[in-house]
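Chains as they are written, first to last, in this note's numbering: chain D, 9 to 172; chain Z, 4 to 172; chain C, 7 to 341.
We put the beta carbon where it would ideally sit given N, CA and C, even for glycine.
Working notes for the structure below.
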Amino acid sequence: MFRFRRGQEEMVGFVLVVLLVAVIFLVFLGISFRSNSSVEDSAEASQFLDSILEFTSNCTFDDYSYEQVSDLLGDCGSGKMCLSGENSCDVLKGTVSELVGHGWNFEEGSVYKGYEFEVELNGELIEQLPVFGLNFPCVGEKRGADRSLLTGQGNIVVTFELCG
Amino acid sequence: MTTLFRSVSYSKGQMKIQQMAFVLVGLMIFFGVAALFYFTIFSSGINEQAALLREREAQELVKRLAGSPEFIFSSGSDCSACVDFDKAIVLKESSEYQNFWGLNYLMIEKVYPSGEGECTRSNYPDCKTITLVSKTGELSTRTAFVALARWDEGLGYFRYELGRIHVSV
Amino acid sequence: MKKRGYEFSFAWLFSIFIGAAVLFFAIYFATQLTGTKRTESETFAGKEIGILLNPIETNLEEAKANVLTVRDETRIYNDCSLRGSFGLQDLSVSIRSGIGQEWLPSPGGRSSFKNKYIFSNGVVEGNSNFFLLSKPFNFPFKVADLIVLWGDKDVFCFVRPFDDVEEEINSLGLVGKGVIFSGGVDECPVGSKVVCFPGASGGCDIEIESGLNKKIYYLDGESEKSVSYTESLGDDKYALLYAAIFSSPEVYECQIERLMRRTALLAELYLDKSQFLEPKGCGSVLVAFDLNRLSARTDSVSSLKSSLFSQTDILDVVENLEDKNDDLVSQCKLF
């Protein structure tokens, strides 16, 4: 009698072991497949960035030609002042804020909660920027795009990230 | 002795049945776990993949449209993200292009600075949308950002504004 | 009586089931992870032809080349039709699947495009690869992207090609992808299509005549046929030359007519734009005049076909138009 019970116990034990291993494996896979905090490329952000870089701002230095956003990046880096007396960085910030505000929806229930717009000149972050559309650090998934521009002031890298 | 043998044979059979039952239970649990694993990984992957594919499809579609000779802006500097807004307003009046792109809906929207209403020659460029094809209305459209380039009389040069193309295939 | 038999215990049964399941999943995940173009191949095999054309069209750049890989031996049928204002580009596909299976008598579902211009033979066959070359056609504004298509069963032997052509084919990575260069006709491999550039002769399948009257002679058919081509203005001048080399004369002539129709409509569009912008200080009467002339010249393409290039002054009109556009002041170019 004892022998027969032991066989059954071994079977139950085996099934339990299989179950346990499977659950642990699933948990492990779930953890490893969870997205980490790296920024994923977004085609939409990429198109947006390409489009806003062409935008004609209201900053001019000669009352003849007006600076595009891509030009303002370099102007801001060298601290230029527009003919209107405004700092080119302020014009850039204001312009980008307006463009993002009109192009994206960050209201309650939207896919994205906010954005970050940063500009680096020769590897260093320009202090007068970045432009944040978020009052808190982004803890969700980030999707964005960046562009590198070679200007007279040096190499500029502009990054636009959406916080999900 | 016979009684003993009889009880042994019955017990052996019962044990076999019980073992088979456990095997079947174990198999069911195993396949259940495998199915759970599959759906956990791949269904979430599929949703994300579908969203990414939709985004890429929209991007490709818009790239093709923006590169189409009817929209391409080649008057100013090299700008692959640009659409010629002046050509678009003129194109609106052409009936030849209604079925050209194989689209059910095609609209160009000026996002910033924004305007109001459908563009005509009289309110251009202080307007919002240029609808070029509208067979089904604005249903399930794909959109993508573009830069709208147009001649600005006051500027004496081309002005670039933020826009969006809406398409529905 | 002693019964002989083997007791098939539950352990064996369990092992067999689990082993089979584990093997199945292992093979399944292995195929998932090999990173092939499964989606593209299956879509193409399922007769979704749009993907053949989407990734390779140019925007403002010069030329693009691509390779399309298919799983099974495939035939692409290129039908050019002149229905409607723009004509139609029809594509259909036949796939050879299974060992020893014959081709189906008729190809699969047809896909029609008004805005595609594919230059190839009427039927292009490939074992596993199709090669695509996309070139913008400027006349003088961009009219369309020409997509030149050939299969891996075709080998084109370019004998004494122009330096620009050799350089471009090299830079696009097309050497060895159905295109080889040679110094003489006898150096071309047997079975290849011999394309003789000026300076090479004898034993040619295609002969190119440059100079004032630019023509391509097809000598490999039952009867000799010829088509005219022109060099586009600017850096990308050999678009039509490539188109003529890699396609049949019938397809080439049909696509030329479609392209000229598109040119006429685009000329009208630019004319409207010029008239719209002229009150705003951008636009030119001179450019408008030449746009009208261009539109008028393209009307005779249905009767002249590609000999439009040699038998009318359309090339002069195009050159004038480009010069006048370049001369436009205040950087207000029309195109």
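Alpha helix (DSSP H) segment containing residue i, residue limits
i: D:C97; result: 96-111
i: C:E256; result: 255-283
i: C:Q317; result: 314-317
i: D:E62; result: Run containing D:E62: none; DSSP gives neither H nor E here.
i: C:V293; result: 291-304
i: D:K121; result: First-last for D:K121: undefined, no H or E at that position.
i: C:E328; result: 320-333
i: C:L310; result: 307-310
i: C:Y244; result: Where C:Y244 is concerned, there is no enclosing alpha helix (DSSP H), given that its DSSP letter is neither H nor E.
Proximal residues of chain D, C-beta to C-beta of residue i below 8 Å
i: Z:V172; result: Under the 8 Å cutoff, chain D gives no residues; its nearest Cβ is about 17 Å from Z:V172.
i: Z:C122; result: Neighbours of Z:C122 on chain D: none; closest Cβ ~18 Å, over 8 Å.
Top-ranked residue by Cα proximity to residue i, from the options
i: C:R299; options: C:L180, C:F315, C:D319; result: C:D319
i: Z:R153; options: Z:C122, Z:F76, Z:N107, Z:V65; result: Z:F76
i: C:G190; options: C:S308, C:G205, C:R77; result: C:G205
i: C:K141; options: C:K122, C:G157, C:K199, C:K330; result: C:K122
i: Z:F74; options: C:D296, C:L272, C:G90, C:A250; result: C:L272
i: D:G152; options: D:F36, D:E132, D:L34, D:S50; result: D:S50
i: D:H110; options: Z:E99, Z:K131, Z:Q101; result: Z:K131
i: D:L81; options: D:N66, D:G93, D:L61; result: D:L61
i: C:D329; options: C:T75, C:D278, C:T80, C:L239; result: C:L239
i: C:E284; options: C:G182, C:K339, C:D305, C:K231; result: C:K339
i: Z:K113; options: Z:K66, Z:K138, Z:S98, Z:I92; result: Z:I92
i: Z:F148; options: Z:D129, Z:V65, Z:Y100; result: Z:V65
Run of the beta strand (DSSP E) containing residue i, from where it starts to where it stops
i: C:F137; result: 135-144
i: Z:D155; result: 145-155
i: C:D151; result: 148-157
i: Z:V114; result: 108-115
i: D:G152; result: 150-159
i: C:R116; result: Taken as a continuous stretch (DSSP letters only), C:R116 belongs to no beta strand (DSSP E), as it is neither H nor E.
i: C:G132; result: 129-132
i: C:D96; result: 94-101
i: Z:I133; result: 132-137
Any non-hydrogen atom of the ligand FMN within 8 Å of residue i CB
i: D:K150; result: In terms of ligand content, the structure shown is empty, and the ligand FMN therefore cannot be addressed.
Buried versus exposed call for residue i [16 or more other C-beta atoms within 10 Å across all chains shown]
i: D:G177; result: Residue 177 of chain D cannot be examined here, being either before or after the span of chain D that is shown, 9 to 172.
i: C:D322; result: exposed
i: C:G41; result: For C:G41, the predicted model reports a pLDDT of 38, less than 50, meaning its position is unreliable and no value from the coordinates is stated.
i: C:G106; result: Legend: pLDDT at C:G106 = 46, less than 50; position of this residue unreliable, value from coordinates given subsequently. Burial call: exposed.
i: C:Y34; result: exposed
i: D:R13; result: exposed
i: Z:I168; result: buried
i: C:S100; result: buried
i: D:Y74; result: buried
i: Z:E15; result: With the sequence shown as reference, residue 15 of chain Z is identified as Lys, and Glu is not the correct amino acid for it. Label assigned to Z:K15: exposed.
i: C:E48; result: Confidence in C:E48 is poor, its pLDDT being 38 and thus under 50, which makes the residue's placement unreliable; the coordinate value appears in the next sentence. Exposed is the call here.
i: C:Y244; result: buried
i: C:K43; result: Low confidence applies to C:K43: its pLDDT is 41, below 50, so where it sits in the model is not reliable, and the reading given next is rough at best. Its Cβ having fewer than 16 others within 10 Å, C:K43 is exposed.
i: C:G52; result: Here C:G52 scores only 38 on pLDDT, less than 50, and its place in the model is too uncertain to base an answer on.
i: D:E52; result: buried
Amino acids of chain Z, ordered along the chain, whose beta-carbon sits closer than 8 Å to that of residue i
i: C:S91; result: E99
i: D:Q76; result: Y163
i: D:L34; result: V36, L39, F40, T43
i: C:K148; result: P72, I75, S77
i: C:F341; result: S77, S78
i: D:F56; result: F148
i: C:F31; result: A37
Contacts of residue i in chain C (Cβ-Cβ under 8 Å)
i: Z:L39; result: Under the 8 Å cutoff, chain C gives no residues; its nearest Cβ is about 13 Å from Z:L39.
i: Z:L94; result: L275
i: Z:F88; result: Going along chain C, no residue has its Cβ under 8 Å from Z:F88, so there is no contact; the nearest lies around 11 Å.
9 Å Cβ cutoff, residue i in contact with chain B
i: D:T64; result: This model lacks chain B altogether; the protein chains it does include are D, Z and C.
Chain-ordered neighbours of residue i on chain Z, where CB pairs are closer than 7 Å
i: D:V25; result: The premise fails here: D:V25 is roughly 10 Å from chain Z at the closest Cβ pair, so nothing lies under 7 Å.
i: D:S73; result: Y160
i: D:M89; result: Residues of chain Z passing the Cβ test: none, with the nearest at roughly 21 Å.
i: D:G152; result: Going along chain Z, no residue has its Cβ under 7 Å from D:G152, so there is no contact; the nearest lies around 13 Å.
i: D:L81; result: The contacting residues do not exist; D:L81 stays about 15 Å from chain Z at best.
Neighbouring residues, chain D, relative to residue i (Cβ below 7 Å)
i: Z:G29; result: V23, V26
Chain-ordered neighbours of residue i on chain Z, where CB pairs are closer than 9 Å
i: D:S118; result: Per Cβ cutoff of 9 Å: no residues; D:S118 is ~15 Å from chain Z at best.
i: C:K120; result: N102, F103, W104, G105
i: C:D278; result: K90, V93, L94, E96, S97
Interface residues of chain C facing residue i [CB-CB closer than 7 Å]
i: Z:E156; result: K286, G287
i: Z:M23; result: F16
message: Please give the ranges of any beta strand (DSSP E) in the region 170-242 of chain C, keeping only runs that are unbroken, at least 3 residues long and fully inside the region.
response: 185-188, 199-202, 212-215, 221-224, 231-234
- prompt: Can you list, in chain order, the stretches of the beta strand (DSSP E) that have 3 or more residues and sit fully within the region 63-100 of chain Z?
  reply: 85-87
- request: For the region 69-99 of chain D, list the alpha helix (DSSP H) runs that are entirely contained and at least 4 residues long, ordered along the chain.
  value: 77-85
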